[in-house]
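Enquirer: Have a look at this one before I ask anything.
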Amino acid sequence: MELWPFSRRIQLLDVGAIAGTAYAKWKHKFDVTSIDIQPRAPHVLQADFFDFPMPAREEERFDVIGLSLVINFVGDLAKRGDMLLHAHRYLRRGGYVRYMTHDHFARLSSPYALAFTGI
């Protein structure tokens, strides 16, 4: 079984990147676009994810959207849900939103009576 199903470099959007180092150890496989409201490195674009330009064509979309440790800074649950749905608009067909493991997400969601069903 192939663990890396891509024959090309992965296009990744790192949201809330701060210094843009989270995916550095995979730089041989990923082309990373890093954004943050208050970036701490020159290669990280200053942008709010909700205002970041939407890809016009399928080939401009991302294979992976990384939301690690950013979604928990969104104040209310409805906006958190909006962020997850918004992320899917940037994905190529078959792409992934990386937030955390399913079990961790389920534990965090259970107090709010949310159930993960997939999108």
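For the sequence shown, the working numbering gives the first residue as 5, with consecutive numbering after it. Ideal placement from N, C-alpha and C gives every residue a C-beta, glycine not left out.
(1) Hey, arginine 44 and alanine 26 are a contact pair by Cβ (cut 8 Å); roughly how many whole angstroms apart?
(2) Hey, would you say arginine 93 sits closer than 8 Å to aspartate 67, going by beta carbons?
(3) With distances taken Cα to Cα, identify the nearest neighbour of aspartate 40 among Phe34, Val48 and Gln15.
(4) Assuming alanine 91 contacts leucine 71 under a Cβ cut-off of 8 Å, what Cβ separation, rounded to an integer in Å, is found between them?
(5) Starting from the C-beta of glutamine 15, find all residues in its chain whose C-beta is less than 6 Å away, skip the five residues before and the five after it, and write them out in chain order.
(6) Count the other CB atoms within 10 Å of the CB of serine 38; is the residue buried (16 or more) or exposed (fewer)?
(7) Identify, in the order they occur along the chain, each residue of the same chain with its Cβ nearer than 8 Å to the Cβ of glutamate 6, setting aside the five sequence neighbours on each side.
(8) Return yes when the Cβ of isoleucine 69 is within less than 8 Å of the Cβ of leucine 17, no when it is not.
(9) Bridge partners of isoleucine 69, per DSSP?
(10) Could you have a look at aspartate 40 and say whether DSSP puts it in helix, strand or coil?
(11) Can you tell which of Met58, Phe53 and Ala60 has its C-alpha closest to the C-alpha of arginine 84?
Expert: Based on what the coordinates show:
(1) Not confirmed; about 12 Å, so no contact.
(2) no
(3) Val48
(4) 6 Å
(5) Asp35, Phe66 and Asp67
(6) buried
(7) The predicted position of glutamate 6 is uncertain, since its pLDDT is 49 and thus under 50; a value taken from the coordinates is nonetheless stated next. Closer than 8 Å at Cβ, skipping near neighbours: no residue.
(8) yes
(9) Leu17 and Val101
(10) strand
(11) Phe53
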